[in-house]
Amino acid sequence: MALVVMCGQPCSGKSSAAAALIKALEKAKSKPVSLINEPSLNLDRNESFKDMPSEKNLRGVLRSAVDRKSSKDAIVIIDSLNNIKGYRYELWCLARAAGILYCVLHCDAGEEDCRAWNQLRQKEGAASYEDRIFDDLVRRFERPDGKNRWDSPLFEHKSALEKIDETSEAIVKATAFLTGSGVPGSRNSGVLQPTVATQTTRHADTNSLYELDRATQEVMKILVEAQTQGSGAVVRKVPIGDGIPEISLQRSVGLPELRRLKRTFVKLASQTSLSGTD
Ligand SMILES: Nc1ncnc2c1ncn2[C@@H]1O[C@H](COP(=O)(O)OP(=O)(O)OP(=O)(O)O)[C@@H](O)[C@H]1O
């Protein structure tokens with residue numbers, strides 16, 4: 011139904027905003043909401059951001075979870091930094107492939123406020139970022155821009171000015187968007203439409219594929235035999251079986267070429283005709 015991408019600096023109030031949005035959606039009797047974040051996947055924040063490979067892995071795990079949960083019947087909220095523009099683009103592509111709504115909720119807070127909130131959590135012994143990791147993340151933050159398709163519609167909350175709850179403007183607007191009122195003038199005011207490039211290929215079931223492969227193998231065998239019997243001369247017409255049109259050949263076709271053609275045919279046929287359409 012929808013994918014909501016939380017976005018913001020570390021400790022900028024994203025989880026609080028996600029919680030407020032969930033409350034508002036519940037009140038509005040929306041579709042069920044799934045929250046995806048590091049704790050729900052048993053991932054430790056400092057471990058996940060300690061270096062590039064770990065961070066890449068974290069993004070992969072979160073993206074897979076979003077992909078699994080995205081459906082026409084649920085609102086998925088991904089509550090993580092989502093600080094890299096290219097990554098938000100990937101999430102937008104997932105939403106488009108699933109044909110669902112998409113929006114970004116940005117908790118806009120200055121570095122110093124976020125640092126103070128992180129230090130407070132360190133003092134309280136609550137889950138917090140190590141200073142080295144915090145500094146690195148702050149430096150690499152790529153601010154969302156509502157002019158980009160993957161950052162639109164963009165709902166922004168100024169975390170330092172107001173503690174967030176269901177009545178905050180960004181939450182009210184996001185809830186209206188997710189429950190059907192849309193956001194006129196935004197780049198994505200409706201459900202994203204999958205394109206050929208973003209649609210996931212549906213493959214034929216194993217049995218149909220086996221049958222297709224066997225039948226193609228049989229045709230190949232008949233063609234090879236017919237050409238062998240023709241003793242080098244071009245065999246123009248090759249009967250395949252009762253009720254099946256003869257195969258016309260314009261030239262001799264050797265076994266390696268037939269194998270190649272068979273592979274291509276089976277691959278194409280399994281991706282299209284056997285998979286049917288939705
Ligand atoms: N407007 C605010 N006023 C006071 N404190 C705030 C405000 N916004 C957030 N905080 C504090 O900042 C801390 C982080 O909040 P929250 O967990 O919602 O942020 P987050 O962006 O999800 O953090 P993380 O990056 O760890 O996921 C909390 O301890 C919260 O109390």
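The number in my numbering is simply the position in the sequence shown, starting from 1, with 10 added.
Virtual Cβ for every residue (Gly too), placed ideally from N, Cα, C.
Quick caveat, the model's predicted, so the values are computed rather than measured.
Test item: CB-CB of residue i and residue j under 7 Å
i    : j    : result
A75  : P204 : no
A186 : F165 : no
K290 : A84  : Only positions 11 to 288 of the chain appear in this structure, which leaves residue 290 out of reach.
S178 : A119 : no
V244 : A236 : no
L31  : A184 : yes
D161 : V229 : no
L53  : D77  : no
S50  : K79  : no
P20  : L147 : yes
L305 : S90  : No answer is possible for residue 305: the residues shown for the chain start at 11 and end at 288.
I110 : A12  : yes
Y97  : R55  : no
C117 : G23  : yes
A279 : H167 : no
I88  : I46  : yes
Given residue i as reference, the closest of the options once Cα atoms are compared
i    : options                   : result
I232 : G264, Y220 and E221       : G264
A29  : V276, I257 and K173       : K173
Y112 : V14, F275, I254 and K272  : V14
D155 : R142, I110, I94 and E57   : I94
V86  : L35, E65, A126 and G135   : L35
R159 : K60, D141, Y99 and G190   : Y99
S218 : K277, S138 and F151       : K277
S241 : S262, E221, K82 and V182  : S262
K82  : L188, D223 and F275       : L188
E122 : R269, G135, D145 and Q260 : D145
D175 : G18, C17 and S25          : S25
L271 : E152, C17, A126 and Q227  : Q227
Y220 : L171, R246 and R273       : R273
Three-state secondary structure (DSSP) of residue i
i    : result
A279 : helix
I232 : helix
I174 : coil
S285 : Here the model assigns S285 a pLDDT of 44, short of 50, so the residue's position is not dependable, and the following value carries that caveat. Note: S285 maps to coil in three-state DSSP.
N47  : strand
L101 : helix
D123 : helix
F144 : helix
S81  : coil
K247 : strand
E134 : helix
G190 : coil
V114 : strand
L259 : coil
D89  : strand
V14  : strand
K39  : coil
K168 : strand
Q19  : coil
I254 : strand
I181 : helix
S218 : helix
E302 : With the chain represented from 11 up to 288, any question about residue 302 goes unanswered, as that position is not in the structure.
F151 : coil
P266 : helix
Beta carbon proximity, residue i to chain D, threshold 7 Å
i    : result
A105 : Chain labels in this structure do not include chain D; a single protein chain is all it has.
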